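**Student:** Below: one structure in structure tokens.
Numbering (my numbering), first residue to last: 3 to 63.
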């Protein structure tokens with residue numbers, strides 16, 4: 003993110019697992035269109051398991 007090193011705001015650790023998560027909405031789920039929802043990038047701290055959400059994919063420094 004803007005070439006800044008990401009650290010966990012809870013424990014200060016700097017190692018994360020990366021995942022892409024769907025942002026499901028009730029209306030789209032009801033209609034069976036979950037696949038059409040937007041997605042978000044999440045980083046999961048490998049030390050304390052805190053999850054940080056990003057709408058844009060963080061870049062690797």
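For glycine and all other residues, C-beta sits at the position ideal for the given N, C-alpha and C.
These figures come from a predicted structure and were not determined experimentally.
Using C-beta distances below 6 Å, list every residue in its chain close to residue 15, excluding the 5 sequence neighbours before and after it, in chain order.
**Tutor:** Hits under 6 Å: 47, 49.
**Student:** Do residue 57 and residue 41 have their C-beta atoms within less than 7 Å of each other?
**Tutor:** Not a contact, by the Cβ cut-off of 7 Å.
**Student:** If I measure Cβ to Cβ from residue 27 and keep anything under 8 Å in the same chain, skipping five residues before and after, which residues do I get?
**Tutor:** Closer than 8 Å at the Cβ level, and outside the excluded window around residue 27, lie 39.
**Student:** By DSSP, does residue 33 sit in helix, in strand, or in coil?
**Tutor:** In the structure shown, residue 33 sits in a helix (DSSP, three-state: H, G or I).
**Student:** If the criterion is Cβ atoms closer than 7 Å, does the pair residue 18 and residue 52 meet it?
**Tutor:** No.
**Student:** Could you give the first and the last residue of the continuous beta strand (DSSP E) run that contains residue 45?
**Tutor:** 41–47 is the extent of the beta strand (DSSP E) around residue 45.
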